[in-house]
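Line order of the protein sequences matches chains A and B. Take 1 as the starting number for the first sequence in the working numbering and just add one per residue. Take 114 as the starting number for the second sequence in the working numbering and just add one per residue. One structure is given below, encoded as structure tokens.
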Amino acid sequence: EAQVTQNPRYLITVTGKKLTVTCSQNMNHEYMSWYRQDPGLGLRQIYYSMNVEVTDKGDVPEGYKVSRKEKRNFPLILESPSPNQTSLYFCASSFVRDRWGYTFGSGTRLTVV
Amino acid sequence: AQSVTQLGSHVSVSEGALVLLRCNYSSSVPPYLFWYVQYPNQGLQLLLKYTSAATLVKGINGFEAEFKKSETSFHLTKPSAHMSDAAEYFCAVSDPTSGTYKYIFGTGTRLKVLA
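Spelled out as structure tokens, the structure:
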């Protein structure tokens, strides 16, 4: 089944403890992106990647890092999480030639205490 | 700069009634426009998209939307609501010339369907 898989689905952590949220897609998509969803704010883009080793900042990149060493994986790294990063996170991917057809993962609900 | 406004964060309709979810956009270039649906505890699923072809776009689950340039709108409609339509709906806009493929999402409209 074609899908974007995020792990974990739920995570509670403490301030300052480094964490990684994984994202993997099995559709050979070149383009991958991370969004955060907050009530009343919709979805905002954190980082995106056009292909392996090509990443760029979105609208709210502060406090996040990403890497794209393989085409299928696009992990989101929080080096020192803070409570304002408590949010629902989504990974999405698409073909560049059909870049208007995102496939979204099921989301990761992160709580930083 | 692009932006999207969804009027009404919550909309309630009776089962069988018309569904109308409003979306207005602002863009300096002809935009691409999208509607996504999010069911509880799930990711977003593409309902339909406008990419400068026909102005009336048909999507999945009986939904459709009409691009009206003069009104800068892209409202989502469905003639008859089903209980299974209860979800949150997001309108999004993108600049097809930007090269970044970034979406600007609206803040969402939660649809409630009353029995």
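Where a beta carbon is used, it is the ideal one built from N, C-alpha and C, also for glycine.
Quick one: grab the DSSP three-state call for residue 208 of chain B. Stepping through the second sequence from its first residue, residue 208 of chain B is reached at position 95. Three-state DSSP puts residue 208 of chain B in coil, outside helix and strand.
In this structure, does DSSP put residue 85 of chain A in helix, strand or coil? The sequence position of residue 85 of chain A within the first sequence is 85, counting from 1. Note: residue 85 of chain A maps to helix in three-state DSSP.
Taking DSSP as the reference, what is the three-state secondary structure of residue 27 of chain A? Counting from 1 along the first sequence, the entry for residue 27 of chain A is found at position 27. Reduced to three states, the DSSP call for residue 27 of chain A is coil.
Residue 191 of chain B versus residue 179 of chain B - alpha carbon distance: As a first step, residue 191 of chain B must be located in the second sequence, where it is residue number 78. As a first step, residue 179 of chain B must be located in the second sequence, where it is residue number 66. The alpha-carbon atoms of residue 191 of chain B and residue 179 of chain B are separated by roughly 12 Å.
Euclidean distance between Cα positions of residue 158 of chain B and residue 206 of chain B: Taking the second sequence and counting its residues from 1, the one referred to as residue 158 of chain B is at position 45. Taking the second sequence and counting its residues from 1, the one referred to as residue 206 of chain B is at position 93. Computed Cα separation, rounded: 15 Å.
If I follow the unbroken beta strand (DSSP E) through residue 59 of chain A, where does it start and stop? On the first sequence, position 59 is the one that residue 59 of chain A refers to. No beta strand (DSSP E) holds residue 59 of chain A; DSSP gives it neither H nor E.
Residue 146 of chain B versus residue 167 of chain B: straight-line alpha-carbon distance, rounded: For the purposes of this step, residue 146 of chain B is taken as residue 33 along the second sequence, with counting starting at 1. For the purposes of this step, residue 167 of chain B is taken as residue 54 along the second sequence, with counting starting at 1. Cα to Cα, the separation comes out at about 12 Å.
Within 10 angstroms of the Cβ of residue 46 of chain A, are there 16 or more other Cβ atoms? Answer buried if so, exposed if not. Here residue 46 of chain A refers to the residue found at position 46 when the first sequence is read from its first residue. Buried is the call here.
State the CB to CB distance for the pair residue 126 of chain B and residue 227 of chain B, rounded to an integer number of angstroms; the pair is presumed to be in contact (CB under 8 Å). By one-based count along the second sequence, residue 126 of chain B stands at place 13. By one-based count along the second sequence, residue 227 of chain B stands at place 114. With 8 Å as the limit, residue 126 of chain B and residue 227 of chain B qualify as a contact, their Cβ atoms being about 7 Å apart.
Under the three-state DSSP convention, the category residue 174 of chain B falls into: Position 61 of the second sequence, counted from the first residue, corresponds to residue 174 of chain B. Residue state, collapsed to three classes: helix.
Looking at chain A, is there any beta carbon in it that lies within less than 7 Å of the beta carbon of residue 225 of chain B? Translated into positions along the second sequence, residue 225 of chain B becomes position 112. By this cut-off, residue 225 of chain B is not an interface position.
Can you pull the chain B residues whose beta carbon is under 8 Å from the beta carbon of residue 90 of chain A, in chain order? As a working note, residue 90 of chain A is residue 90 in the first sequence. What residue 90 of chain A touches in chain B: 156 and 157.
Going by the beta-carbon positions, is the gap between residue 22 of chain A and residue 75 of chain A smaller than 7 Å? For the purposes of this step, residue 22 of chain A is identified with residue 22 of the first sequence, where counting begins at 1. For the purposes of this step, residue 75 of chain A is identified with residue 75 of the first sequence, where counting begins at 1. Contact: yes.
Indicate the three-state DSSP secondary structure (helix, strand or coil) for residue 197 of chain B in the structure shown. Looking up residue 197 of chain B in the second sequence gives position 84. Helix.
7 Å is my cut-off, CB to CB: does residue 219 of chain B come that close to chain A? The residue given as residue 219 of chain B occupies position 106 in the second sequence. Yes, contact with chain A.
Minimum Cβ-Cβ distance from residue 171 of chain B to chain A less than 7 Å: For the purposes of this step, residue 171 of chain B is taken as residue 58 along the second sequence, with counting starting at 1. Taking Cβ atoms only, chain A never reaches closer than 7 Å to residue 171 of chain B, which makes this a no.
Rounding to the nearest angstrom, what Cα-Cα distance links residue 65 of chain A and residue 77 of chain A in this structure? Reading the first sequence from its first residue, position 65 is the one you call residue 65 of chain A. Reading the first sequence from its first residue, position 77 is the one you call residue 77 of chain A. The alpha-carbon atoms of residue 65 of chain A and residue 77 of chain A are separated by roughly 5 Å.
Contained beta strand (DSSP E) runs [length at least 3] in the stretch 134-171 of chain B, N- to C-terminal order: 145-151, 157-163 and 169-171
Look up residue 129 of chain B in the DSSP assignment and say whether it is helix, strand or coil. Looking up residue 129 of chain B in the second sequence gives position 16. Residue state, collapsed to three classes: coil.
Quick check on DSSP: helix, strand or coil for residue 48 of chain A? Numbered from 1 along the first sequence, position 48 holds the residue referred to as residue 48 of chain A. In the structure shown, residue 48 of chain A sits in a strand (DSSP, three-state: E or B).
Per DSSP, what are the beta-bridge partners of residue 37 of chain A in this structure? Reading the first sequence from its first residue, position 37 is the one you call residue 37 of chain A. Partner(s): A/43 and A/88.
Specify the secondary structure class of residue 13 of chain A as computed by DSSP and reduced to three states. The residue you call residue 13 of chain A lines up with position 13 of the first sequence. Strand at residue 13 of chain A.
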